[in-house]
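The numbering of the first sequence is the numbering used here, which starts it at 459 and goes up by one. Where is the CB? At the ideal position from N, CA and C, for every residue including glycine.
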Amino acid sequence: MTVRVRFAPSPTGYLHVGAARTALYNYLFAHANGGTFILRSDDTDRARSTEEFQQDILDHMMWLGLDWDEGFGKGGEHGSYRQSDRYDRYRDVAHDLIESGSAYYSFATSEQLDGFKKAAREAGTSPAYDGSLEPGYGEVASRIAAGESAVIRFRVPRPGETRFSDVVRDDMVFDHKQVDDFVILRSDGTPTYHLASTVDDVDYGITHVIRGEDLLSSTPKHILLTQAMGAEPATYAHLSLLMGPDGKKLSKRHGDTAMSAYRTAGFLPEAIDNYLALLGWSVGDEEDRASMSEMVDRFDLNAVSKNPAVFDTQKLEWLNGVYIREMGDDDFVARTLAGVEDDLGRELTDDEASQFEAMVPLVKERTKLLPEVADQVRFLFTDIDTYDEKSWAKVMDKPEGPVALDAATAALSGLETWSTETIEGALRGVLEDTGLNARKGFQPVRVAISGSTVSPPLFESLEILGREESLNRIAAARSLL
RNA sequence: GGCCCCGUCGUCUAGAGGCCUAGGACGCCGCCCUCUCAAGGCGGUAGCGUGGGUUCAAAUCCCAUCGGGGCUACCA
């Protein structure tokens, strides 16, 4: 049997990190088993679905490298893979189900239903609607004939129970007393999620449904529906939910849940994929690092954890730093140059681009998030007209400030060749001459050329900045003392 | 309220009766390296929710309890 899995987000919001994790696990499972990963658009909630959300989901799936083999935007044997294009099919199924007695027209009003649920709650019994509020056969026929609108409900066989073996949760059993005669077709003729999703899973030959635990209690409905259609239910796997730092389901109020926020914050897709895999699965025995292909090789749905996982940004940042450090210099430039230019508000000249490239190895290991790059190299491309206040106070407004700058100027201006080695030699000489320790002797120079006590390594920075500019900056700072 | 799921360091996890005086990773703390900041190296901190069983032996099995979460829509 060829594995066919699907990720079926509703375009009612931006791609959420939790949804991205579900997509990733589907992707890993498909690839680990030589299967097909399908993307579907479950847009039956026409009021809340938008093209913008749909596009955001697509964009970020691609960005994360979660490319799909078949489905939305890519096509396949099953049309557009967009549910709103298949209303006729769902309606047909709903009516077939009425024919076969598995569903019925329901006239119960929401007031009646509320009363039913309230009574059940007070009595401490199951609040699941059992169809007991419906009119008799004859009346249904005449009311339909009279054109009265009704909803179509699935008739849950009672008594009874549905059993299934969930890949991550093992044996599950649901008493039908607890499951509603749920609506499959709304009064306006559009399908509900339960119907559309189940019909598609059947029609598309989905073999494994890997989704969030929030759908666990709906699974009996889907299985019952599938069986009523005369089909074999898929294998289900329900992933635990992602939690916020407060232990509650991860949501907007925990800050950023939209994948786009992480993208703009400067996270790498590789790092996010790796991190998301860690949330509910162990990538290796003593290692948390794994590339997509390594994850594909090792992925085992049975080994996925049942525990809900807290989304911890700190570890994500650490991983991001790891990936940045491992990136090739060229790749690093490609991914950060635009951000640097954006920060400057202009393009870099060829000479400046060379300076930037020279700085890359130094900057790479000091970067956790991409936008931090601009902060580190900005001093190369802009005049230092303001110095960081604390930095200035800490090293310049001290007796060693002018001493260090004067000595550095003397030592540096006499240099024949301007290189990291000669610069270091000259400045080390300053230490001996002035008796200052390295910290006191070097920090004033650092502030003079970069504006701050924190910068990339000093000697290299001086070399890259160039002799003339370096000496000018030291002189400018000195004149302020 | 009803039904369902889950419960190992602060966080993510390894652990499927003796290999566990519970391992790894992030974080945090300290030391080293060092021109700042990082990175790196070394060391440390911290956990089996609780109470009963079963067993020669339990983080691992059973029961109860407590705690957290999900669902309970003509949303998905």
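DSSP links T494 through a beta bridge to R462. Counting only residues of its own chain and dropping the five nearest sequence neighbours on each side, P615 has a CB closer than 8 Å to the CB of H634, L682. By DSSP's assignment, S564 forms a beta bridge with V609. Here I668 carries a strand assignment [DSSP, helix/strand/coil]. Listed in chain order, the non-local C-beta contacts of A561 below 7 Å within the same chain comprise A552, L555, I610, R611, F612, R613, I642, local neighbours out to five positions each way being set aside. Separation of E921 and T878 (C-alpha to C-alpha, rounded to the nearest whole angstrom) is 6 Å. Shown here, R544 sits in coil according to DSSP, grouped into three states, outside any helix or strand. Contact between the stretch 772 to 785 and the stretch 821 to 828 is present: 3 or more CB-CB pairs across the two stretches fall below 8 Å. Under the criterion of beta carbons closer than 8 Å, D514 and S718 qualify as touching, at roughly 6 Å.
With contacts defined by Cβ atoms closer than 8 Å, L524 and A481 form a contacting pair. Cβ contact annotation for L929 (same chain, cutoff 7 Å, sequence separation greater than five): T867, L870, S871, in chain order. When the beta-carbon positions are compared, M817 and L939 stay at least 8 Å from each other. Taking the Cα positions, R464 is about 28 Å away from R711. Runs of alpha helix (DSSP H) with 4 or more residues, each lying fully within the stretch 815 to 888, are found at 830 to 839, 858 to 871, listed in chain order. Closest in alpha carbon position to K822, among I782, S812, F839, is I782. A direct Cα-Cα distance of roughly 18 Å separates K532 from E510. A Cβ-Cβ distance of about 7 Å is found for the pair L497 and Y539, placing them in contact under the 8 Å criterion.
Scanning its chain for C-beta atoms nearer than 6 Å, with the 5 sequence neighbours on each side dropped, one finds around F757 the residues L486, A490, in chain order. Within the stretch 622 to 699, the runs of alpha helix (DSSP H) at least 4 residues long that lie entirely inside it are, in chain order, 651 to 661, 677 to 686.
Around the beta-carbon of Y595, fewer than 16 other beta-carbon atoms lie within 10 Å, marking it exposed. Around the beta-carbon of R621, fewer than 16 other beta-carbon atoms lie within 10 Å, marking it exposed. With contacts defined by Cβ atoms closer than 8 Å, E592 and A566 form a contacting pair.
The beta carbon of V754 lies closer than 8 Å to those of L486, H489, A490 in the same chain, with the five residues before and after it left out.
Within the stretch 722 to 797, complete alpha helix (DSSP H) segments of at least 4 residues are found at 727 to 736, 750 to 756, 771 to 784, given in chain order. Per the Cβ contact rule, the stretch 842 to 857 is not in contact with the stretch 794 to 806 (fewer than 3 Cβ pairs under 8 Å).
Here T911 is not bridged, per DSSP, to any residue. The beta-carbon separation of A608 and S564, rounded to 6 Å, stays under the 8 Å limit for a contact.
Taking C-beta atoms under 8 Å as the contact rule, V637 and H696 fail to qualify, at a distance of about 16 Å. Rounded to the nearest angstrom, the Cβ distance from R479 to L700 is 6 Å, consistent with a contact under 8 Å.
Excluding its 5 nearest sequence neighbours in each direction, F632 has C-beta neighbours in its own chain below 7 Å: E619, T620, P678, listed in chain order. Closest in C-alpha terms to G797, from the list V888, E752, T502, A723, comes A723.
For T502, the closest C-alpha among the options N484, S468, L473 is that of S468. Take the alpha-carbon of E882 and the one of F917: they are about 6 Å apart. Of S590, T494, F725, the smallest CA-CA separation from V475 is found for F725. For A933, the enclosing alpha helix (DSSP H) starts and ends at 925 to 937. Classified as exposed, V912 has fewer than 16 neighbouring CB atoms from the shown chains inside 10 Å of its CB.
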